[in-house]
Amino acid sequence: MRSKNSGMPELFLFCLFRTEVNTSGMIENSLKEGRRVIFPKVDREGHNLMLFEIKSRDELTPGYMGIPELLWPQMKEERI
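Using the numbering used here, the first residue of the sequence shown is number 312, and each one after it goes up by one.
This is how it looks when you write it as structure tokens:
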């Protein structure tokens, strides 16, 4: 998929957790380049995987099991 604003490819990423690949540099560089960066969020109650765009790493905070994720109140109503 290409971003509507920049024409650059959108990226679906995740944050480092335990022994997973460290994506911090990719996240920072992608945001600086103006790419849309999409993150997953698990809705444990509804058993759904939702996708949300972030504009800054500052929007992420430790969530379930310490995994960096968007807080519910910070999320826009619109899902991707």
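Positions of the beta carbon are idealized from the N, C-alpha and C atoms, including for glycine.
Quiz item: Can you tell which of Val332, Leu382, Glu321 has the C-alpha that lies nearest to the C-alpha of valine 353?
Solution: Leu382
Exercise. Assign leucine 324 to one of three DSSP states: helix, strand, or coil.
Key: coil
Practice problem: Would you list the one or two residues that DSSP bridges to aspartate 369? | Solution: DSSP output for aspartate 369 lists no bridge partner at all.
Exercise. Could you tell me how far apart the beta carbons of leucine 362 and proline 351 are, in whole angstroms, since I believe they sit closer than 8 Å?
Key: 6 Å
Exercise. Count the other CB atoms, across all protein chains shown, that sit within 10 Å of the CB of methionine 312; report buried if there are 16 or more and exposed otherwise.
Key: Here the model assigns methionine 312 a pLDDT of 46, short of 50, so the residue's position is not dependable, and the following value carries that caveat. Label assigned to methionine 312: exposed.
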